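Scroll down for the structure; my scribbles are underneath it.
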Amino acid sequence: MTATNATPQRLYLLNLGMTDVPLPNGSKLAMVSAAYLVRMSDGSHILIDSGMPADYTPPDGHWIEKLDASNVIEQLAKLNLKPDNVEAVICTHFDIDHIGYNDHFPQAEFIVQRRHYEIASTGLERYERGRAHWGDPALRYRLVDGDTELFPGLSLIETSGHAPGHQSVLLTLPNAGKVLLAIDAVMFQRLFTTERKAGGGDDNEQELKASTQKLLDLVEREHVALIVFGHDGVQWKTLRQAPEFYD
Ligand SMILES: [Zn+2]
Numbered sequence: 031m032t033a034t035n036a037t038p039q040r041l042y043l044l045n046l047g048m049t050d051v052p053l054p055n056g057s058k059l060a061m062v063s064a065a066y067l068v069r070m071s072d073g074s075h076i077l078i079d080s081g082m083p084a085d086y087t088p089p090d091g092h093w094i095e096k097l098d099a100s101n102v103i104e105q106l107a108k109l110n111l112k113p114d115n116v117e118a119v120i121c122t123h124f125d126i127d128h129i130g131y132n133d134h135f136p137q138a139e140f141i142v143q144r145r146h147y148e149i150a151s152t153g154l155e156r157y158e159r160g161r162a163h164w165g166d167p168a169l170r171y172r173l174v175d176g177d178t179e180l181f182p183g184l185s186l187i188e189t190s191g192h193a194p195g196h197q198s199v200l201l202t203l204p205n206a207g208k209v210l211l212a213i214d215a216v217m218f219q220r221l222f223t224t225e226r227k228a229g230g231g232d233d234n235e236q237e238l239k240a241s242t243q244k245l246l247d248l249v250e251r252e253h254v255a256l257i258v259f260g261h262d263g264v265q266w267k268t269l270r271q272a273p274e275f276y277d
């Protein structure tokens with residue numbers, strides 16, 4: 031268990047693979063698959079998402095197919111950590127590229143928005159794909175409702191739209207200050223505007239725009255120093271990636 035008064039000390043960005051997706055106009059889109067690890071002041075660790083499962087066969091031509099992938103277990107090993115060292119896993123949503131290794135952390139507490147968990151549990155095809163990994167009956171889920179401060183300096187921000195009950199994460203680090211992990215609420219920097227449209231993978235455009243506005247307001251109000259976009263390979267090339275960290 032992480033002590034209730036523990037605070038975030040380090041943020042590791044775990045690069046689980048990058049690929050250049052060819053676009054219809056001939057250009058390429060650099061995409062990253064990511065997870066995040068937070069080291070807390072009491073020495074405990076909180077994982078955010080767990081990446082693509084090893085057993086997933088993506089549809090032909092899907093961006094995931096060409097991913098030059100590393101998994102979250104390998105990424106933790108590079109930090110001399112084992113799954114046992116992870117006390118909690120924040121699940122942003124149950125899309126296949128975010129839950130693939132949940133079942134490797136049976137000792138952890140999983141934290142997800144109630145709305146997302148309940149909708150995913152109804153058997154929607156989108157979430158059935160990865161259900162063997164997130165729906166393992168051995169896993170303990172804690173369901174939260176809306177914006178929630180988990181620890182001082184670590185908050186969940188409800189950002190529906192890409193998926194109902196999707197959540198982003200706001201961290202306060204001792205030196206780097208406030209860091210927003212937008213996850214799939216804003217996958218690419220260029221989408222961080224309310225002028226945006228829903229893309230193919232998004233559930234609800236109205237909620238997506240409202241959540242984007244919510245994050246734009248939060249960035250201004252909280253003086254966020256760094257925003258990490260969920261799948262932005264171009265941005266990721268400019269960021270400190272594990273084993274480097276933000277502190
Ligand atoms: Zn995603």
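Here my numbering is used: position 73 in the sequence shown is 103, and no number is missing along the way.
We treat Cβ as the ideally placed atom computed from N, Cα and C, and that holds for glycine.
Predicted, not measured: the structure shown is a model, and the values here were computed from it.
Contact between T202 and T224 is ruled out by a C-beta separation of about 26 Å, above the 8 Å threshold. Distances between the C-beta of I213 and the heavy atoms of ligand 1 include at least one below 8 Å.
Straight across, the Cα-Cα distance linking K58 with A228 is about 20 Å. Taken through DSSP and simplified to helix, strand or coil, E225 comes out as coil. Three or more beta-carbon pairs separated by less than 8 Å are not found between the region 142 to 161 and the region 110 to 117, which leaves the two stretches without contact. Contact between the region 209 to 223 and the region 254 to 265 is present: three or more C-beta pairs spanning the two stretches fall below 8 Å.
In the DSSP assignment, T178 is bridged to L186. With 16 or more other CB atoms across the displayed protein chains lying within 10 angstroms of its CB, P83 is buried. Annotation: L245 to G263 spans about 20 Å, alpha carbon to alpha carbon. G207 is bridged by DSSP to L203. Counting other Cβ atoms within 10 Å of its Cβ, A107 stays below 16 and is therefore classed as exposed. By the C-beta density criterion, H253 is exposed, having fewer than 16 other C-beta atoms within 10 angstroms. Measuring C-alpha to C-alpha distances from G176 to each of E188, A168 and G165 identifies E188 as the nearest. Just so you know, the alpha carbons of A33 and L53 end up roughly 47 Å apart. Straight across, the Cα-Cα distance linking Y171 with N55 is about 43 Å. Counting C-beta pairs with one atom in each stretch, the region 178 to 192 and the region 151 to 164 have fewer than three that are closer than 8 Å, which means they do not touch. Rounded to whole angstroms, Y276 and Y66 show a C-alpha spacing of 11 Å. For ligand 1, a non-hydrogen atom lies closer than 8 Å to the CB of G260.
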